[in-house]
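One structure below.
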Amino acid sequence: MAKYFYIMLLFTAATLFSFAQNVDSLKNTLEPDSLGRWYSGNPIPKKKLKVTSFIAPAILIGYGFAAVYDNGALKQLDLSTKAELQEDHPLFAAHVDDYLQFAPAAAVYALNLSGVKGKHNLFDASMLYVTSAAIMGASTHFVKQGVGRERPNNNGENSFPSGHTASAFMAAEFLHQEYKDVNPWIGYAGYFVATATGTLRMYNNKHWFSDVVAGAGFGIASTKIAYLIYPYMKQIFNKKKDSKFSLMPYYQPGASGLMLSGRF
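Heads up: the sequence shown runs through residues -20 to -1, 1 to 244, numbered per mature numbering (1 follows the signal peptide of the UniProt record, and there is no 0).
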C-alpha cells in the first residue's frame, strides 16, 4: 500500500507540473520588455480567461469533494494512506510545514532583491500575492465550515481542504507566474516545495490525502484568478487616483461644514 500511496502522490505532482507548463494564451494590450516584465506606470495588460488553464485545479478539487462523500475506493485510499504513514512514522512531528508553505512566495522577493526581476515590479507582485491569498483564504474557510470534515487526528472538524497545502500551491503558482518567462525551472521548484508541504501535513496526521489534493487545486486556482482580475482592479484604482476633487469649508447663515467638489 505504501507503494500505491507514493504512486498517487507522484501522479498528483506530475499533474501539477504538467499544468504549470501550460502557457496561457493571453493577448496583451501593451508590449512588455524583452523578459516580459511590466513596471509601475504601465497598465498591466488585461487577460482573457482560458478555461483549459483551470482544468487541472478543477480536477484536483473535484477529486477532493468526491473523496469526502465517497464510501468506496477513495475513502479507503484516505484511510489506508493514514494507516501506512502512522504505522511507519507513529511519532513523526515536524512543524516545518508551517513555514515551508511561504517559501515559494519568499523566493519571489529574494530573487527580485538579488537582481533577478520577475514579470511585475514588487508593488504589483505584492498586490497579486495579497489578492491570491484573499481568494484562497475566503474560499478554503467557507468550504471548511460547510463541509465540516473531521481531521485524521480527531482534533477539529475543519480538515477539508488543507489550508497549508492551498497556501503552498498558491505561492508556488505565484512564483511560476512571475518567473516562467525568465527561467521555467524557478517556477517548477515552487511546486516541489508545495508538494513537500502537503506531504508533511499527512505525516503530521493533520490531513487526509484528499484534503491535500483539493488544497493544491484551491491554491493554484486562487492565484490564476488573481492574475485575471488584478488588471481590472488596478484600472479602477488608477481612475480613482486620477480623479480631481477639492474639499473646502463653507459657511452661510445658519449652516456650516465641508464641501466636496470636483471631477471623478
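Even glycine gets a Cβ: it sits at the ideal position worked out from N, Cα and C.
- The alpha-carbon of Leu57 is positioned some 43 angstroms away from that of Phe103.
- Looking at the DSSP output, His187 sits in no beta bridge, so it has no partner there.
- For Ser33, there is no enclosing alpha helix (DSSP H), as DSSP marks it with neither H nor E.
- The beta carbon of Tyr159 lies closer than 6 angstroms to those of Gly98, Ile166, Gly167 in the same chain, with the five residues before and after it left out.
- In this structure, Phe149 and Gly199 form a Cβ contact; the two beta carbons are roughly 3 angstroms apart against a cut-off of 8 angstroms.
- In this structure, Leu180 places its C-beta atom within 8 angstroms of the C-beta atom of Val76.
- Ala201 and Asp68 have their alpha carbons spaced roughly 33 angstroms apart.
- Contact between the segment 128 to 148 and the segment 74 to 92 is present: three or more C-beta pairs spanning the two stretches fall below 8 angstroms.
- Taking C-beta separations shorter than 7 angstroms and ignoring five residues to either side along the sequence, the partners of Thr120 in its chain run Pro141, Gly143, Ala146, Phe198, following chain order.
- The three-state reading of DSSP puts His75 in coil, since its state is none of H, G, I, E or B.
- Scanning Glu64, Trp188, Ala206, Pro70 for the CA closest to the CA of Ala46 turns up Trp188.
- Taking a C-beta distance under 8 angstroms as the contact criterion, Val127 and Val48 qualify as a contact pair.
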